[in-house]
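In what follows, a structure is listed as structure tokens, so that the remarks can point back to it.
Number of protein chains: 2
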Amino acid sequence: MAPKVGEYRVDQYATDGSRAAILEAAARCFTERGYDATSIDDVARSLGATKGRIYHHYPSKADLFADVFRAGMEMNYAAIEPVRDLPGKALGRWRTLAFTHVVQMIRRRTFQRVVWEGTEMYLRGATTPQQRSTFAALHESRSRYGAIFRQTIAEAKKDGDMRFGSLGIANQLMLVTLNSPIFWYSPRPGETRDDIDDIAWQVVAFAASGLGASEGEFR
Amino acid sequence: MAPKVGEYRVDQYATDGSRAAILEAAARCFTERGYDATSIDDVARSLGATKGRIYHHYPSKADLFADVFRAGMEMNYAAIEPVRDLPGKALGRWRTLAFTHVVQMIRRRTFQRVVWEGTEMYLRGATTPQQRSTFAALHESRSRYGAIFRQTIAEAKKDGDMRFGSLGIANQLMLVTLNSPIFWYSPRPGETRDDIDDIAWQVVAFAASGLGASEGEFR
DNA sequence: GATGAACATACTACCGGGTATGTTGTCAAC
DNA sequence: GTTGACAACATACCCGGTAGTATGTTCATC
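These protein sequences, in sequence, are chains A and B. In case it helps, our numbering puts the first sequence at residues 141 to 359. In case it helps, our numbering puts the second sequence at residues 141 to 359.
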């Protein structure tokens, strides 16, 4: 069985809602205070529970954090899966991909912040040797995810639909732009789905122009 | 007297090199490990010294961090000062400003990462009440700095030299893009000043196009 | 009614921020 | 040229907070 929690699946857990609730709370706490400043008691308190509950499901704080990271990446893959292999030219595919990604950054902000911090932790080497391999796998998952975008813009450039200098730099700038809502977005009261879509399209338009996309999209 | 350290001034210190060396080491450590994960002993060790030296000059870890933040912002203002009030249209002024800023992000990466983390700490409210006012002042300094860019692109839009939707969103995207080298840049061996300039221009070109600047600059 | 999952409670151990107290060199005044 | 005062550190110590553990407790299920 695949119990549904929020909009992503937590298949691999035999137990349903419990771990998912922990993940949500952990994502919120890690986002609000950062990894080091977040104590297990913080997460437990925000659940109305105690340490015991968390340590019953996770062997360590780092493992909990890593699982939030993993869940975040899983959501990303799930989100873009329906639009990964659409027909048409690379530029059009990229627009759809990018838009879907940005909406995901906004909707799942807390998890995505953890993905960001986890990536930084890995790159800084701020992990114990045992956690190193776990984080390495997560980081590679994120790299593969990023490679989808990278390859698409490379193809669009070949098509003559994008113009930029170094692919590496363009890729970094694009990803930073598309991810940036995790830093500056905060929900307005009474905000509709259309409002979010509008914001997302502005982000995509900025990135598209930055990548030298042919027709300047305005929306 | 104004003793020079690196490329920025440390006027306000009666004592010269000592505090500056601490700042440099602290900036490195905070960048490598983050605020919480960095211990005062780490900073001291990277100086070949002990806690005593640091606590002789700074009353607390947060004050040391804040001073790195302050020094970083001071560098930024110093860097753009010569190009703040150049003649000409807003778009041209913006290009110069943006380029100078990006080069600064690359050259003073460690300090700028601290500025970033400090801003996040303030926005998250991860400060004690006493430190709150210090951080508020630093954050306001950074806001004023950002406002220079914001106002310039607003003017360029009025001139018809830029096209974008929401000023607020465009501003966020621009700043994230221009700041992004603090995340992905790492020096290549044998890299020249021209190489860095080339990277910086690519960043500026991306942001310019993203903002809908009229003539697509290529360099 | 026994077994184990799913927690809560109570406790330990350690790390790191901060402090209190040396130690050394320098410089000024007598 | 002695002393005393202070800056600039080093050393030794304290203590609170937190990750992790060990041990209950409850409830469901077989």
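Glycine is no exception: its CB is placed at the ideal position from the N, C-alpha and C atoms. Computed from a predicted model, the values in this text were never measured in an experiment.
Below the 7 Å Cβ cutoff, chain A contributes R264, A266 as neighbours of R173(B), in chain order.
Rounded to the nearest angstrom, the gap between the Cα atoms of D334(B) and A345(B) is 16 Å. Close to I309(A), with beta-carbon spacing below 9 Å, are these residues of chain B in chain order: W324, I339, Q342, V343, F346. L351(A) carries a coil assignment under DSSP once its states are collapsed to helix, strand and coil. Bounds of the alpha helix (DSSP H) holding A296(A) are 269-298.
Annotation: Q270(A) has no Cβ neighbours in chain B at a cutoff of 9 Å; minimum Cβ distance is about 17 Å. Of the residues assessed, A238(B) falls on the buried side of the cut-off, its CB having 16 or more other CB atoms within 10 angstroms.
Taken through DSSP and simplified to helix, strand or coil, R249(A) comes out as helix.
The residue from I339(A), I309(A), V343(A) with its alpha-carbon nearest to that of T317(A) is V343(A). Interface flag for Q312(B) against chain A is set, since a Cβ pair is found closer than 9 Å. For S306(B), at least one C-beta of chain A is nearer than 9 Å to its own C-beta. Cβ-Cβ separation between T178(A) and T250(A): approximately 12 Å, too far for a contact (criterion under 8 Å).
Within the same chain, T292, E295, A296, D299 come within 6 Å of A230(A) by CB-CB distance, once the 5 residues on both sides are set aside. M314(B) sits close to L351(B), with the two beta carbons spaced by under 9 Å. The Cβ of V254(A) sits no closer than 9 Å to any Cβ of chain B. Distance from the CA atom of I336(B) to the CA atom of I322(B), rounded to whole angstroms, is 13 Å.
Put simply, the CB of D176(A) is near chain B, with a gap under 9 Å to one of its CB atoms. Put simply, the CB of L237(B) is far from chain A, with every gap to its CB atoms at 9 Å or more. A distance below 9 Å separates the beta carbons of R173(B) and R264(A). Contacts between G286(A) and chain B, judged by CB atoms closer than 7 Å, are missing: the closest CB pair is about 11 Å apart. At a cut-off of 9 Å between beta carbons, T317(A) contacts chain B.
Residue I220(B) holds the alpha-carbon nearest to the alpha-carbon of R284(B) among I180(B), S349(B), F205(B), I220(B).
Look at R193(A) here: in three-state DSSP terms it is helix. E257(A) sits close to Y175(A), with the two beta carbons spaced by under 9 Å.
Here T274(B) has A206 as same chain residues with Cβ atoms under 7 Å from its own Cβ, once five neighbours each way along the sequence are excluded. Flagged as an interface residue toward chain B: L351(A), by a C-beta distance shorter than 9 Å. Nearest Cα to I246(A) within the set R303(A), N319(A), T267(A): N319(A). In chain order, Q312, L313, V316 make up the part of chain A whose C-beta sits under 7 Å from the C-beta of S320(B). Straight-line spacing of the CA atoms in V242(B) and I309(A) works out to 13 Å. Within the model, the alpha-carbon separation for M261(A) versus H196(B) is close to 31 Å.
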